[in-house]
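If you're matching them up, the sequences are chains B and X in order. If you're matching positions, the first sequence starts at 1 in UniProt numbering and goes up one per residue. If you're matching positions, the second sequence starts at 1 in UniProt numbering and goes up one per residue.
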Amino acid sequence: MNERYSRQVLFPGIGQEGQAKISSKHVLIIGAGALGSGSSEILARAGVGKLTIIDRDYVEASNLQRQQLYTEEDVAEKLPKAAAAEKRLRAINSAVEIRAIIGDATPELLEELVGDVDLMLDATDNFETRMMMNDISQKYKIPWIYGACVGSFGMSFSIIPGKTPCLNCLLRTIPLQGMTCDTGGIISPAVQMVIAHQTAEALKMLVEDWDAVRNSLVSFDLWRNQYTSMKMSKAKFAGCLSCGEERTYPYLDHENMTKTTVLCGRDTVQIRPSSAGEISLDQLAGQLSALGYTVKGNPYLISVEIGAERMVIFQDGRALIHGTKDLTHAKSLYQRILG
Amino acid sequence: MNKVLFFAHLRDAVGAEYLTLDAGGKTVAELKDELVEKYDLPRMETVMTAINEEFASNDEVIRDGDEIAFIPPVSGG
């Protein structure tokens, strides 16, 4: 028995056979923030064969409270998260093949990547990317595990194509103005609890113990001591455009994605959300001021200073990010505030 | 009567972990509308609903005694 994995091989759910399966599998983790750094560390330690991790951001001081792969040195060097994660994961387990991609998860990139992927883990901070993962999952028949948290609250749900409902069955549309860690705050134990649920499910899937996979959506609030599990078999929606008979995979289509444009002659990026709807500017302004941001506004828009940039958000969810021409950076800022 | 539980930011908006109210005969959508009106709840259209710990769609009819939970999908990660 390989000493390194002996304790997990002793666990009856895994055993030698399970360990061999784990070491032959490829897991794609989308996002290397709090969830991605935790789940990638657990899977690297567990000896997964190959890990691919995608992230578009760089390490900032506000990440260190909960994003376990990163150090003060990474902040000082402004390392891209994917690069810093790769370095740390290699040091943790040199036997795991690690591929780090610095960039935005687009449908093209995901379609190119998923050829030999066995499982995808959600570690993103926005529903647009989750809906894209969900369509990729259905199109290529690859399971994925939704996980998200804000404040002391978190949730997870395992999605297996052809078996469980999918994320589009549950939501039917991209929620506008979901709570994010940048607006609602976040405590590390909530992150760890989501990671624990996601990676336990991941191990079950990697050893192909499909009967052990949870068929309910679990959600909890660690501060308020609430824990609930919602059975999901009735959530399957026959008319679902992602997993139903008449499927079109709408979230692989650029028409349904957030539009980013550099405004001509200005150091400004305009962002138009994928779904139309009104957001509550009052609530958002209140949340952002409570977090110490400088917020100004009128009934039509709010303006918030974020570091060197200024974001102006309109009631229809459209935003102007002043002080940058970098589309990916602007979209990242936008999704940190608006989900 | 029905016990109606609220999670995450909905609990803050309502100011209580749960309410006891009479929702028998109403659809999930009708109950959501009523609560939005009374407590100014944000973004209820995408909030998931469980009836007796099972996912329920907006047109499902609530029976007397059912326990309802409103669980908002969150996006942080």
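Using N, Cα and C, we set each Cβ at its ideal position, and we do this for glycine too.
Query: 6 Å Cβ shell around residue 140 of chain B - same chain, five flanking residues per side excluded; Result: 114
Query: Short CB-CB distance (under 9 Å) between residue 48 of chain X and chain B; Result: yes
Query: Under 8 Å by beta carbon: chain B residues contacting residue 7 of chain X; Result: 153, 219, 221, 226, 228
Query: Distance between residue 18 of chain B and residue 204 of chain B (C-alpha atoms, nearest Å); Result: 9 Å
Query: Residue 127 of chain B beta carbon less than 9 Å from that of residue 57 of chain X; Result: no
Query: Entirely enclosed alpha helix (DSSP H) segments - the segment 94-142 of chain B, minimum 4 residues; Result: 107-113, 127-140
Query: Three-state class that DSSP yields for residue 216 of chain B in the structure shown; Result: strand
Query: Contact with chain X by residue 314 of chain B, beta-carbon distance below 9 Å; Result: no
Query: Distance between residue 231 of chain B and residue 195 of chain B (C-alpha atoms, nearest Å); Result: 20 Å
Query: Separation of residue 77 of chain B from residue 54 of chain B, as counted between CA atoms; Result: 19 Å
Query: Host beta strand (DSSP E) of residue 272 of chain B (start-end); Result: 268-272
Query: Residue range of the alpha helix (DSSP H) that includes residue 18 of chain B; Result: 15-22
Query: Per DSSP, cross-strand counterpart(s) of residue 78 of chain B; Result: None, per the DSSP bridge assignment.
Query: Terminal residues of the alpha helix (DSSP H) in which residue 205 of chain B lies; Result: 188-206
Query: Beta-carbon proximity list for residue 244 of chain B, same chain, < 7 Å, skipping 5 on both sides; Result: 237, 238
Query: Check whether residue 117 of chain B and residue 27 of chain B have beta carbons under 9 Å apart; Result: yes
Query: Identified DSSP bridge partners for residue 144 of chain B; Result: B:120, B:159
Query: Interface partners of residue 127 of chain B on chain X, CB under 8 Å; Result: 73, 75
Query: Residue 232 of chain B in three-state terms, based on DSSP; Result: coil
Query: Touch test, the segment 309-327 of chain B against the segment 32-51 of chain B, Cβ-Cβ under 8 Å, three pairs minimum; Result: no
Query: Below-9 Å beta-carbon distance, residue 149 of chain B vs any chain X residue; Result: yes
Query: CB contact check: residue 163 of chain B to chain X, cutoff 9 Å; Result: no
Query: Simplified DSSP state of residue 85 of chain B, which is helix, strand or coil; Result: helix
Query: Contacts that residue 55 of chain X makes with chain B (C-beta to C-beta distance below 7 Å); Result: 230, 231, 232, 234, 235
Query: Sequence-distant residues of its chain with Cβ nearer than 6 Å to residue 5 of chain X (five each side left out); Result: 18, 69
Query: Closest residue to residue 287 of chain B among B:304, B:21, B:271 (Cα-Cα distance); Result: B:304
Query: Proximity of residue 84 of chain B and residue 48 of chain B at Cβ, strictly below 9 Å; Result: no
Query: N- and C-terminal bounds of the alpha helix (DSSP H) containing residue 59 of chain B; Result: It is not in any alpha helix (DSSP H) - residue 59 of chain B carries neither H nor E in the DSSP assignment.
Query: Among B:159, B:190, B:173, B:80, the one whose alpha carbon lies nearest that of residue 66 of chain B; Result: B:190
Query: Chain B contact for residue 69 of chain X (CB, 9 Å cutoff); Result: yes
Query: Any chain B beta carbon closer than 9 Å to residue 11 of chain X; Result: yes
Query: Where residue 337 of chain B falls: helix, strand or coil (DSSP); Result: helix
Query: Local Cβ density within 10 Å of residue 193 of chain B, reported as buried at 16 or more and exposed below that; Result: buried
Query: Beta carbon proximity, residue 43 of chain X to chain B, threshold 9 Å; Result: yes
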